[in-house]
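Residue numbers (the numbering used here): 54 to 200.
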């Protein structure tokens, strides 16, 4: 399980916290927004990151990509945190069962970085993405009805 990567001559790349993600997403300039995810992971500002040599910037990008890849993120979640393997897509489930699996999928989606949930579902869960969406919808509707 990799939670940080040493970028030689630059620093240690760490996953972003919620505040850093929120701040990076609010940057209007698209190029600076992309750079912000890398810079914030290194504990830098965007202007500081731009002052790095091209080689250092490339190393930082590679470290970020390794740290946030779907494969790494799926391994980072321990076996005890993995949702129960849902039945095959041909099994008919009750509403309660769909809501149960949907809640587990919603929890996993919250743990993974933006854009990594769909690949995770397709590679690791054994169900289709549209089926996962239906189950998550069932979980949200059950939550609304209970509240």
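Glycine included, each C-beta is placed from N, C-alpha and C at the ideal position.
Please report how far the alpha carbon of residue i lies from the alpha carbon of residue j, in whole angstroms.
i	j	result
residue 190	residue 62	46 Å
residue 89	residue 76	9 Å
residue 181	residue 171	9 Å
residue 163	residue 173	12 Å
residue 6	residue 186	The displayed coordinates of the chain run from 54 to 200. Any statement about residue 6 would go beyond what the structure contains.
residue 201	residue 169	This structure cannot settle anything about residue 201, because the visible part of the chain is limited to 54 through 200.
residue 160	residue 87	26 Å
residue 132	residue 178	Summary for residue 132: the model assigns pLDDT 41, below 50, so the residue's position carries little reliability; its value from the coordinates is reported in the next sentence. Approximately 13 Å, taken between the alpha carbons.
residue 103	residue 91	11 Å
residue 176	residue 184	14 Å
residue 26	residue 166	One cannot answer for residue 26 here, as it falls past the ends of the chain, which runs 54 to 200.
residue 153	residue 199	14 Å
I'd like to confirm the pairing. Which residues does DSSP put opposite residue i in its beta bridges?
i	result
residue 60	64
Notebook entry, point to check: Does the pairing of the region 147-154 with the region 191-199 give three or more beta-carbon distances under 8 Å?
Noted result: Touching, yes.
Check: Enumerated in chain order, which unbroken segments of the alpha helix (DSSP H) with a length of 4 residues or greater are wholly contained in the region 148-200?
Finding: Entirely contained in the region 148-200, the alpha helix (DSSP H) runs reaching 4 residues are, in chain order, 148-164, 170-173 and 182-199.
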